[in-house]
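Residue numbers (full-length UniProt numbering): 1 to 100.
In structure tokens, the structure reads:
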């Protein structure tokens with residue numbers, strides 16, 4: 001399965017650069033909100049996953065650059081989940097309740 005390789009690649013980048021992977025949620029394959037054209041193909045479905053990780057800005061750039069050039073990725077987002085304090089970050093759960 002291609003998604004496992006993508007997750008493994010990103011997770012290893014975070015870990016080898018001193019970051020922490022806090023959780024991975026597989027949301028499975030579902031329809032995209034609209035047709036998306038990427039890598040000379042039109043996509044109507046995608047495999048969604050959520051990876052919670054902590055890392056420094058340099059590692060985050062490596063992750064974003066890697067996902068940006070990976071032909072298996074249609075779209076991705078990296079979102080800051082707390083204000084940089086452990087107590088703020090620890091309150092954020094890995095589940096996406098709106099998706100269930």
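We treat Cβ as the ideally placed atom computed from N, Cα and C, and that holds for glycine.
Residue state for residue 88 is assigned as helix, using DSSP reduced to three classes.
The beta carbon of residue 73 sits closer than 6 Å to the beta carbons of 67 from its chain, once the five residues preceding and following it are set aside; these are given in chain order. The residue among 5, 13, 2, 8 with its C-alpha nearest the C-alpha of residue 54 is 13. Residue environment: residue 79 is assigned as exposed (fewer than 16 neighbouring CB atoms within 10 Å of its CB, all protein chains considered). The three-state secondary structure of residue 61, taken from DSSP, is helix. For residue 39, the CB contacts under 6 Å within the same chain, skipping 5 residues up- and downstream, are 71 in chain order.
As computed with DSSP, residue 56 is found in no beta bridge at all. When the Cα atoms are used, residue 26 and residue 76 turn out to be separated by approximately 14 Å. With fewer than 16 neighbouring CB atoms inside 10 Å of its own CB, residue 69 falls in the exposed class.
If you draw a straight line from the Cα of residue 29 to the Cα of residue 47, it is about 4 Å long.
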